[in-house]
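Peer 1: My structure is below; once you've seen it, I'll send some questions.
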Amino acid sequence: MLKNWKMLCACAVVLGSLGGAALAEGRGKRFDENGDGRLDDAELAKMRAARAARRAKREAAALAKYDANRNGVLDPAERKAMRADRREERFKRLDTDGDGKLSKEELAAGAKRRRGGSGGRP
Ligand SMILES: [Ca+2]
Ligand SMILES: [Ca+2]
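Below, the structure written as structure tokens:
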């Protein structure tokens, strides 16, 4: 039993030393400061901090725009308005010829962009 436990630990250490954060193409690459194709702890921490900052900024922007009663939280009605707006924005972004309908091609192009071609989330 004890032996198995030790082996488990050894495996975890080996996995840990492999980095566990090998970079997929693109994602997180700009945080790979030493260019070794992996994110070490410091680089990971920077990436997480940058993401948290971006999220906080997005949330602050959402609050500024949709917190109609200025109570500092988005209640269900305010969230609903936000979702409706976002849905419309998404639709407009996909509807590249602006005919108010999404063709198969427009949907495919949107899916392709989401998968990480050019563009994606700002
Ligand atoms: Ca509110
Ligand atoms: Ca269209």
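Each step along the sequence shown adds one to the number in this note's numbering, with nothing skipped, and position 52 is 35. Every residue gets a Cβ at the ideal spot worked out from N, C-alpha and C, and that includes glycine. From a predicted model like this one, the values you see are computed outputs, not experimental measurements.
For ligand 1, any of its heavy atoms closer than 7 Å to the Cβ of GLU61?
Peer 2: Position 78 of the sequence shown, counted from the first residue, corresponds to residue 61. Yes, ligand 1 has a heavy atom inside 7 Å of this Cβ.
Peer 1: Count the other CB atoms within 10 Å of the CB of GLU26; is the residue buried (16 or more) or exposed (fewer)?
Peer 2: Position 43 of the sequence shown, counting from 1, holds the residue named residue 26. GLU26 comes out buried.
Peer 1: Which residues share a DSSP beta bridge with ARG41?
Peer 2: Translated into positions along the sequence shown, residue 41 becomes position 58. Partner(s): none; ARG41 has no beta bridge.
Peer 1: With H, G and I counted as helix, E and B as strand and the rest as coil, what does DSSP make of VAL(-4)?
Peer 2: As a working note, residue -4 is residue 13 in the sequence shown. Residue confidence is low: VAL(-4) scores 49 on pLDDT, short of 50, so the model does not pin down where it sits. Its coordinate-derived value is still stated next. Three-state result, VAL(-4): helix.
Peer 1: Excluding the five sequence neighbours on either side, which residues of its own chain have a C-beta within less than 6 Å of the C-beta of LEU77, listed in chain order?
Peer 2: One-based indexing of the sequence shown puts residue 77 at position 94. Within the same chain, LEU77 has close Cβ partners LEU85, GLU89, GLY93.
Peer 1: So, do the segment 26 to 36 and the segment 49 to 69 have three or more beta carbon pairs nearer to each other than 8 Å?
Peer 2: no
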